[in-house]
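So in my numbering, the last one in the sequence shown is 1866, and the numbering has no gaps at all.
Where is the CB? At the ideal position from N, CA and C, for every residue including glycine.
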Amino acid sequence: MSYLDKLLNGVEVEWKTLGEVAELSNIGVDKKINANEKKVKLLNFVDVFKNQYISNETPTMVVTASDKKIIDCDIKEGDVFITPSSELIDEIGFSAMAIEDFQNAVYSYHIMRLRINNKDFLFPAFLNYLFSSIAVRKQIRIKAQGITRYGLTQSSWKSIQIPIPPLSVQKEIVRILDNFTELTAELTAELTAELTARKKQYNYYREKLLSFEEGKVEWKTLGELTLPTSNIRWKETNKSYQYIDLTSVCREKNIIIETTKITKDNAPSRAQKIILKDDVIFATTRPTQQRVSLITQEYSGEVASTGYCVLRANKHFVLPKWIYFWITSNEFKLFVEENQSGSAYPAITDAKVKEFKIPVPPLEEQERIVSILDKFDVLSTSISEGLPREIVLRQKQYEYYRDMLLTFPKN
């Protein structure tokens, strides 16, 4: 026997339509300021979409409304608001419940208010949770209409059927789900804080390992430490190539995640730079976005966009990974910020990138430090992937128990 069965204890569950249990209204206020009207706070789509419970502190937008609108579009404790339409079907029917009477506030015409007729029959917080139940979401998807924007007519909203167990059962389910929601939120916050702390710790030690006092080692520009690269001669080849465009590099992982097959017949004009294994590529367009990657054997001999600066290490003096770690350092980020040009479409030239100076300790020392940084990278990646995965699992666990508690038999 499930926990829900124990709660119901054999009692039959009634099913009612929203139109039978609540007054639905979508005559809300527009986002305008009119000189002859009173200023009020506006509860809008995002306020409902992002919150489960809302209070006087939730709305921040200020608009104006007539005296009649202020009366007709007021917000009372227990009112449930939903998102009645959206460009995405799955964003329809998100709900939030007012936990208090709102002062000097109205709701937007982009949302719908449900005011329950009898709170001794239907607990407002229970109705709020029902909008995330499988039964209600399925009905919303079936009834939604539209091409570029989807929504339900008011009559369709009124026809949505919901289960009404005894009031005591409704309140117990709300208590359980509120506790579960709070615990999930706390765990997510703790895991997020842990992830942030570990990343800060990693960056601290990383910068420490890359720090050298002036005079202790020789400093050289990237231009002095790299070899010339070449462009492809499209007229002289019939081969197809993998094309690494600016969007090909994942900013979070510094790896190439997708490429396009090109030939001389369809190659874009910017597909010019031949890259080889161990090259470091850095996107010079919008450079503060830090699109960087160390080329692996898989992409050796392929073609990159002219939007990349290709840094090919002279291995007699410097390791490719030494250049890579410096290109991803805080010092290089500051260098880029100071030397990029253009406001709408900022960029930095290849020549300017190659003016950046880095320390050049002996190759043995570079290898030692690179080995440590590689281990840090593995650890950081493990944490960065593991903790978000844990957050997702906890959220799925919450949704599983929520669905169990909100799935009622229907005769």
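Any idea if residue i is buried or exposed, counting beta-carbon neighbours within 10 angstroms, 16 or more meaning buried?
| i | result |
| --- | --- |
| residue 1538 | buried |
| residue 1890 | Here the chain has residues from 1456 to 1866 only, and residue 1890 is not among them. |
| residue 1771 | exposed |
| residue 1594 | buried |
| residue 1509 | buried |
| residue 1742 | buried |
| residue 1561 | buried |
| residue 1533 | buried |
| residue 1894 | Nothing can be reported for residue 1894: it is not among the residues displayed for the chain, which extend from 1456 to 1866. |
| residue 1566 | buried |
| residue 1453 | Lying outside 1456 to 1866, the shown extent of the chain, residue 1453 is not represented and no answer is given. |
| residue 1857 | buried |
| residue 1718 | exposed |
| residue 1623 | exposed |
| residue 1755 | exposed |
| residue 1698 | buried |
| residue 1789 | exposed |
| residue 1575 | exposed |
| residue 1477 | buried |
| residue 1833 | exposed |
According to DSSP, which residues form a beta bridge with residue i?
| i | result |
| --- | --- |
| residue 1766 | 1735 |
| residue 1663 | In the DSSP output, where bridge partners are listed per residue, residue 1663 has none listed. |
| residue 1470 | 1618 |
| residue 1779 | Looking at the DSSP assignment, residue 1779 forms no beta bridge with any residue, so it has no partner. |
| residue 1478 | 1570 |
| residue 1560 | 1496 |
| residue 1859 | Looking at the DSSP assignment, residue 1859 forms no beta bridge with any residue, so it has no partner. |
| residue 1536 | 1551 and 1568 |
| residue 1705 | 1710 |
| residue 1745 | DSSP lists no partner for residue 1745. |
| residue 1517 | 1496 |
| residue 1740 | 1802 |
| residue 1606 | 1540 and 1600 |
| residue 1508 | 1552 |
| residue 1760 | 1726 |
Looking only at its own chain, which residues have a Cβ that is under 6 Å from the Cβ of residue i, when we skip the five neighbours before and after it?
| i | result |
| --- | --- |
| residue 1557 | 1511 and 1530 |
| residue 1733 | 1775 |
| residue 1684 | 1765 and 1767 |
| residue 1849 | 1639 and 1642 |
| residue 1675 | 1815 |
| residue 1618 | 1468, 1470 and 1863 |
| residue 1615 | 1473 and 1594 |
| residue 1550 | 1535, 1537, 1583 and 1586 |
| residue 1442 | Residue 1442 is absent from the model: the chain starts at 1456 and stops at 1866. |
| residue 1665 | 1784 |
| residue 1626 | 1578 |
Contact defined as beta carbons within less than 8 Å: I believe residue i pairs with residue j. What is the distance between those atoms, to the nearest angstrom?
| i | j | result |
| --- | --- | --- |
| residue 1758 | residue 1728 | 7 Å |
| residue 1528 | residue 1482 | 7 Å |
| residue 1745 | residue 1706 | 6 Å |
| residue 1696 | residue 1735 | Contact doesn't hold; Cβ gap of about 19 Å is too wide. |
| residue 1564 | residue 1484 | 6 Å |
| residue 1411 | residue 1581 | Residue numbering for the chain in the displayed model covers 1456 to 1866; residue 1411 lies beyond these limits and cannot be assessed. |
| residue 1661 | residue 1831 | 6 Å |
| residue 1722 | residue 1763 | Residue 1722 to residue 1763, Cβ: 15 Å. No contact. |
| residue 1677 | residue 1500 | About 49 Å separates the two Cβ atoms, so there is no contact after all. |
Apart from the five residues just before and just after residue i, which ones in its own chain have a Cβ nearer than 7 Å to its Cβ?
| i | result |
| --- | --- |
| residue 1761 | 1725, 1727 and 1728 |
| residue 1777 | 1821 and 1825 |
| residue 1613 | 1472, 1473, 1474 and 1479 |
| residue 1621 | 1466 |
| residue 1799 | none |
| residue 1596 | 1544 |
| residue 1794 | 1803 and 1807 |
| residue 1713 | 1703 |
Within a Cβ cutoff of 8 Å, which residues of the same chain sit near residue i, ignoring the five residues on either side of it in sequence?
| i | result |
| --- | --- |
| residue 1599 | 1544, 1547, 1605, 1606 and 1607 |
| residue 1506 | 1513 and 1551 |
| residue 1792 | 1743 |
| residue 1827 | 1664 |
| residue 1710 | 1704 and 1748 |
Tell me whether residue i counts as near the ligand COA, meaning its Cβ is closer than 8 Å to at least one heavy atom of that ligand.
| i | result |
| --- | --- |
| residue 1480 | As for the ligand COA, it is missing from this structure, which has no ligand bound. |
Within the region 1671 to 1697, ranges of the alpha helix (DSSP H) (whole runs, at least 4 residues) | Correct list: 1677 to 1680.
Would you mind listing the beta strand (DSSP E) stretches within the region 1796 to 1843 that are 3+ residues and don't spill past its ends, in chain order?
-> Taken in chain order, the complete beta strand (DSSP E) segments of 3 or more residues contained in the region 1796 to 1843 are 1812 to 1815.
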